[in-house]
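Residue numbers (the working numbering): 12 to 521.
All remarks here apply to the structure that follows.
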């Protein structure tokens, strides 16, 4: 798991998490906008409480981008650098938080992702049996098994005795597996080779293409080994096989593993296996069916190879295992290795032909890929009886993850907002009962108070916010005529403006 992501849950849906996170971000940002606005006002209000006069812009508080933009039209350096900077900082903070509200969806989108957790679970699968020597035409199953082994990071140092369900995203953990066959391989990468076809009809591959013999381990050419081959490809016209993909399988002769007393294969003897893949380009075509190829040079050729020794793993010999267990392990000692090499050819034939027809590079499997196919073929062959069993192994479980950076920024933001709020509430004190307008509504009521105090009743200067609400409801903005005869927009009070009683004024109800 990446250190930059933390897992939230393996049960939640990613879409739901993003929706909730976007909502929470919106709520936090809305609270932050209020805190910035309140703290800015509180700073100016505290100054007003300490002195008899403060600049009006000291009480400027903004609640959105519109307020921030409007404030830029009334500030200048003439008002003093400190006040100018404070208003500018407040405007910048309001703009940043407002923009963050707008993009809260993308923030939630890129702060979360689908992740993977590895958990141990009971997984259904199938045990190998020693009942089958071959398997034909199971291209889809072979491919699914290969891809699952790759995805699970299953190593190429063993054969499988158990095949988990291919629909489960399991992962290989060595301590959870006790495979009976250990494998040690060396790989020959793709290597060019010069070859020529003789047209020999003996049926022996090395008589038809003698040059191939040079790349095989010397011991495989002696008594005690068998070599199988099969090939496929595409041809053009009647003279040439345009591209041929030829597979070979050399192994310890299975006849040597037959128990003379029982006639059964001793599926515990060490096995030497050599897998080869040859790409031949522009190979002379045979004129009859008694030979594979015609006579003449092969334009170009290359090969890859896997040279493997297969033996029982430590603690997994027949003497170590019960009879029931011995009957449920991989069965490489098949008498039908010809079907195995034909499976290689069948698996690659369609791709080779398509690549050849379209002039594309021919895919030559590497030694590792050939042995991976051998693993998949063997366990597919050995689980045809579907001996069901359940084992506890590691499985990939989808999860929802949150970015550590995003979480840190959110927590930092919350801490900063809490500190600002505490600073505004505890440090920037405003005496109880002192009325200083903050919101737009309160500033409108302040206008009502001032107009009422001048034009209606001086006692209105003593009325608090509660007493001014009725006056605000009836107040209007209208044209008035000034002392010099000019017109301007002035606040005019309605008839239902509340007059303060003597008790209210003298008692200090504000």
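The C-beta atom is built at its ideal place from N, Cα and C for all residues, glycine as well.
All of these numbers come straight from a predicted model, not from anything done at the bench.
Inset, instruction - Indicate the three-state DSSP secondary structure (helix, strand or coil) for residue 304 in the structure shown. - result: strand
Legend entry - Buried versus exposed, by CB contacts within 10 Å (16 or more), residue 113: exposed
Inset, instruction - Give a yes or no on whether the C-beta atoms belonging to residue 140 and residue 387 are separated by under 8 angstroms. - result: no
Inset, instruction - Give the secondary structure of residue 175 by DSSP, where H, G and I count as helix, E and B as strand, and everything else as coil. - result: strand
Inset, instruction - Would you mind stating whether residue 180 and residue 407 have Cβ atoms separated by less than 8 angstroms? - result: yes
Legend entry - residue 308 classed as buried or exposed, judged by whether at least 16 other C-beta atoms fall within 10 angstroms: exposed
Inset, instruction - Could you name each continuous alpha helix (DSSP H) segment of 4 residues or more that falls completely within the region 44-101, going from the start of the chain to the end? - result: 76-82
Inset, instruction - Could you spell out where the alpha helix (DSSP H) holding residue 197 opens and where it closes? - result: Not the alpha helix (DSSP H): residue 197 falls in the beta strand (DSSP E), residues 192-203.
Inset, instruction - Evaluate the contact criterion for the region 257-275 versus the region 227-242: three or more CB pairs, one atom per stretch, below 8 angstroms. - result: yes
Inset, instruction - Look at the alpha carbon of residue 23 and the alpha carbon of residue 44, and state the distance between them as a whole number of angstroms. - result: 31 angstroms
Inset, instruction - Give the C-beta separation of residue 320 and residue 279 to the nearest angstrom, bearing in mind that I take them to be a contact with Cβ-Cβ under 8 angstroms. - result: Incorrect: roughly 14 angstroms between the Cβ atoms, too far for contact.
Inset, instruction - Measure the CB-CB distance between residue 305 and residue 210 and report whether it falls below 8 angstroms. - result: yes
Inset, instruction - Can you tell me which of the three DSSP states residue 15 falls into? - result: coil
Inset, instruction - Figure out for me which residue from 442, 343, 50 has the closest Cα to the Cα of residue 170. - result: 343
Legend entry - 8 angstroms Cβ cutoff met for residue 69 and residue 55: yes
Legend entry - Pair within 8 angstroms by beta-carbon distance, residue 411 and residue 125: yes
Inset, instruction - Identify whether residue 277 lies in helix, strand or coil by the three-state DSSP scheme. - result: coil
Legend entry - Three-way DSSP call (helix, strand, coil) for residue 121 in this model: helix
Legend entry - Residues that residue 170 bridges to, as DSSP identifies them: Per DSSP, none; premise fails for residue 170.
Inset, instruction - Go ahead and pull the three-state DSSP assignment for residue 446. - result: coil
Inset, instruction - Go ahead and label residue 195 buried or exposed: buried means 16 or more other beta carbons lie within 10 angstroms of its beta carbon, across all protein chains shown. - result: exposed
Legend entry - Collapsed DSSP secondary structure at residue 405 in the structure displayed: strand
Legend entry - CA nearest to the CA of residue 200, picked from 224, 166, 267, 289: 289
Inset, instruction - For residue 417, collect the residues of the same chain with a Cβ closer than 7 angstroms to its Cβ; drop the 5 residues on either side in sequence, then sort them by chain order. - result: 122
Legend entry - Reduced DSSP secondary structure (H/G/I, E/B, other) of residue 323: strand
Inset, instruction - Determine, using beta carbons only, whether residue 176 and residue 136 come nearer to each other than 8 angstroms. - result: yes
Inset, instruction - Return the first residue and the last residue of the alpha helix (DSSP H) that residue 385 is part of. - result: 378-393
Legend entry - Buried/exposed call for residue 271, threshold 16 Cβ in 10 Å: exposed
Legend entry - Distance, residue 335 Cα to residue 221 Cα: 46 angstroms
Inset, instruction - Could you pull out every residue in the same chain whose Cβ sits closer than 8 angstroms to the Cβ of residue 31, ignoring the five residues on either side in sequence? - result: none
Inset, instruction - Kindly indicate which three-state DSSP category residue 235 falls into: helix, strand or coil? - result: coil
Legend entry - C-alpha distance - residue 403 paired with residue 192, whole-angstrom precision: 21 angstroms
Inset, instruction - Note the first and the last residue of the continuous beta strand (DSSP E) segment covering residue 359. - result: Not the beta strand (DSSP E): residue 359 falls in the alpha helix (DSSP H), residues 348-368.
Inset, instruction - Verify whether the separation of the beta carbon atoms of residue 413 and residue 19 is less than 8 angstroms. - result: yes
Legend entry - Top-ranked residue by Cα proximity to residue 106, from 120, 95, 128, 83: 83
Legend entry - For residue 23, the three-state DSSP class (helix, strand or coil): coil
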